[in-house]
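J.: Chains as they are written, first to last, in the numbering used here: chain A, 1 to 222; chain B, 1001 to 1211. Take this structure first; my questions come after.
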């Protein structure tokens, strides 16, 4: 069995999770604590990947990254890098598509945070940096963990958007889900089974961990 | 000495009213702020702490913390104040000692204050393992850790049962005498304030009156 697609999927999952962990915090903070009305409109844009067909995102991302126009042209002309059909392209697409997963976890965590703890930290002379790492993060670690697991698991299952924007380049953009699709198309059911079973074997424990965590968080909130 | 004159419009449901209060508290003084709920007591305290900004007036501790005329507003973290929150706001993931050390990483000082509020043997306990009175004393000790020029107490006794209130009131009085810190304390009970404070400011859904 060719293990390379697993390696590509795992790398995709780790990159997406890492990037969204950093990008997700300020967004989740804005969505939870801002009282401005326009925030709902922004938040809804970031929730779109939940309901849009992955091909819709894939199509527009492809146009954006294509060397003919937009971001793709800029990168091609200034750095000589082709974005479409590259690993960074599927990481980018993966980030957009998994953002709602990360936000779900982080928002739950932030909602459980008592505002008076933040104010207490301020009256004790601490700035936002120290407050964030010593009060906010330890207080919402359950939510962070939920976000991380959801995002990583989501990325392992990424298919449509990766296929449209990354193609299926072996060792570069061919992730497990695409490998399964190709094996089925080639009527190689044995290999398809093998890939699928490994994927289930990874996904199931992740989801079990997730559900245990969410039970624990629910009990803590009560 | 703490001097303040605070004006702020408050919104309670659909109605608006104006919080207007001024007072002067000598160094080491103990000002009580009384008034019915919704009269802006907590808001006044939050303005003094720097958590909220008044619309007009001034607040001067050892330095000017707020002056609407000159556009000065010093944020909470740079004011020398200690605030005991109504819900105590102890950090649940830190022990009693950890909560004190968060304020200022000075172990001998922390032990000294734990001794002052008689919590030495609970230093290693987490807030959830404490009784209401013990939590309140932890919050009090934590607020003192940075040697604030002004200590603010927001209904510190209201969450406690009747027989504990008197005992903890005495505790606050003792801490006041031993540290000499200037205190502003909010309560809806005038009797309680009468027992403890040296000065009383009455808020009545409008202008504050000093007695």
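Built from N, CA and C at the ideal position, the CB exists for glycine as well.
Which same chain residues, not among the five before or five after residue 1099/B, have their C-beta less than 7 Å away from its C-beta?
T.: Closer than 7 Å at the Cβ level, and outside the excluded window around residue 1099/B, lie 1090, 1091, 1138 and 1142.
J.: For the beta strand (DSSP E) containing residue 129/A, name the first residue and the last one.
T.: Careful: residue 129/A lies outside any beta strand (DSSP E), inside the alpha helix (DSSP H) at 128-131.
J.: Could you check the C-alpha separation between residue 207/A and residue 98/A for me, to the nearest Å?
T.: Approximately 16 Å, taken between the alpha carbons.
J.: Note down the Cα distance separating residue 47/A from residue 95/A, rounded to an integer number of angstroms.
T.: Whole-angstrom Cα-Cα distance: 12 Å.
J.: Leaving out five residues on either side along the sequence, give the residues of the same chain with a beta carbon under 8 Å from the beta carbon of residue 1081/B.
T.: So the qualifying residues of the chain are 1048, 1049, 1050, 1061, 1148, 1149, 1150, 1151 and 1152.
J.: Output yes if chain B places a C-beta closer than 9 Å to the C-beta of residue 24/A; else output no.
T.: Not closer than 9 Å to any Cβ of chain B, the Cβ of residue 24/A fails to qualify, so no.
J.: Hey, how far is the Cα of residue 1087/B from the Cα of residue 1160/B?
T.: Between residue 1087/B and residue 1160/B, the C-alpha separation is close to 11 Å.
J.: Decide if residue 127/A is buried, meaning its Cβ has at least 16 other Cβ atoms within 10 Å, or exposed.
T.: Flag for residue 127/A reads exposed.
J.: Does residue 82/A come out as helix, strand or coil in the three-state DSSP assignment?
T.: Residue 82/A falls in the coil class under three-state DSSP.
J.: Under the rule that 16 or more other beta-carbon atoms within 10 Å means buried, what is residue 188/A, buried or exposed?
T.: Exposed is the call here.
J.: So if DSSP puts residue 187/A in a beta bridge, which residue, or which two residues, is it bridged to?
T.: DSSP output for residue 187/A lists no bridge partner at all.
J.: Throw me the rounded Cβ distance for the residue 182/A and residue 12/A pair, which I believe falls under 8 Å.
T.: Actually they do not touch by this definition, with Cβ atoms about 17 Å apart.
J.: Would you mind telling me which residues of chain A sit closer than 8 Å to residue 1116/B, beta carbon to beta carbon, in chain order?
T.: Result: empty, since nearest Cβ-Cβ is about 18 Å, beyond 8 Å.
J.: Please give the ranges of any alpha helix (DSSP H) in the segment 1029-1092 of chain B, keeping only runs that are unbroken, at least 4 residues long and fully inside the region.
T.: Those alpha helix (DSSP H) runs which fall completely within the segment 1029-1092 of chain B and span 4+ residues are 1041-1049.
J.: Of all the CB atoms in chain B, is at least one closer than 9 Å to the CB of residue 34/A?
T.: Output row for residue 34/A: interface = no.
J.: Out of 1117/B, 1201/B and 1204/B, point me to the one whose CA is closest to residue 1179/B's CA.
T.: The shortest C-alpha separation from residue 1179/B is found at 1117/B.
J.: Using a Cβ cut-off of 9 Å (strictly closer), state whether residue 1075/B contacts chain A.
T.: Closer than 9 Å to some Cβ of chain A, the Cβ of residue 1075/B qualifies, so yes.
J.: Hey, how far is the Cα of residue 43/A from the Cα of residue 85/A?
T.: Spanning the two alpha carbons is a distance of roughly 29 Å.
J.: Keeping to the same chain, check which residues put their C-beta closer than 6 Å to that of residue 1040/B; ignore five residues upstream and five downstream.
T.: Excluding positions up to five away in sequence, the list reads 1010, 1019 and 1203.
J.: Can you give me the start and stop residues for the alpha helix (DSSP H) that residue 1163/B sits inside?
T.: Note, residue 1163/B: alpha helix (DSSP H), 1162-1179.
J.: Taking the alpha carbon of residue 1079/B as the reference point, which residue from 77/A, 123/A and 55/A has its own alpha carbon closest?
T.: When only C-alpha atoms are compared, the closest one is 123/A.
J.: List the residues of chain B whose Cβ lies closer than 9 Å to the Cβ of residue 119/A, in chain order.
T.: Going along chain B in sequence order, the residues near residue 119/A (Cβ under 9 Å) are 1046, 1049, 1051, 1076, 1083, 1085 and 1089.
J.: Does the distance from the C-beta atom of residue 175/A to that of residue 166/A stay below 9 Å?
T.: Yes. Within cutoff.
J.: Just reading off the alpha helix (DSSP H) that residue 1195/B is part of, what are its end residues?
T.: Its alpha helix (DSSP H) spans residues 1190-1196.
J.: Counting only Cβ pairs nearer than 8 Å, list the residues of chain A close to residue 1093/B.
T.: Neighbours of residue 1093/B on chain A, chain order: 138 and 139.
J.: Give me whichever residues DSSP pairs with residue 1022/B in a beta bridge.
T.: Per DSSP, 1005/B.
J.: Could you pull out every unbroken alpha helix (DSSP H) segment of at least 4 residues lying fully inside the segment 32-85 of chain A, listed in chain order?
T.: Fully enclosed alpha helix (DSSP H) runs of 4 or longer: 38-47, 54-65 and 70-78.
J.: Under 7 Å between beta-carbons, which chain B residues line up against residue 125/A? List them in chain order, please.
T.: Residues of chain B passing the Cβ test: 1077 and 1146.
J.: Please report how far the alpha carbon of residue 160/A lies from the alpha carbon of residue 59/A, in whole angstroms.
T.: Computed Cα separation, rounded: 10 Å.
J.: Does chain B have any CB closer than 9 Å to the CB of residue 135/A?
T.: With 9 Å as the cut-off, residue 135/A counts as an interface residue toward chain B.
J.: Use the C-beta contact count for residue 1115/B: other C-beta atoms within 10 angstroms, 16 or more gives buried, fewer gives exposed.
T.: So residue 1115/B ends up on the exposed side.
J.: Is the shortest distance between the beta-carbon of residue 122/A and the beta-carbons of chain B less than 9 Å?
T.: Yes, its Cβ sits closer than 9 Å to a Cβ of chain B.
J.: Leaving out the 5 sequence neighbours to the left and right, which residues in its chain are closer than 8 Å to residue 1135/B when beta-carbon positions are compared?
T.: So the qualifying residues of the chain are 1088, 1090 and 1127.
J.: List, in chain order, every chain B residue whose beta-carbon is nearer than 9 Å to that of residue 116/A.
T.: Within 9 Å Cβ-Cβ: 1085, 1086, 1087, 1088 and 1089.
J.: Identify, in the order they occur along the chain, each residue of the same chain with its Cβ nearer than 8 Å to the Cβ of residue 169/A, setting aside the five sequence neighbours on each side.
T.: Here the set comprises 85.
J.: In terms of residues, what are the limits of the alpha helix (DSSP H) holding residue 1115/B?
T.: Start and end: 1107-1116.
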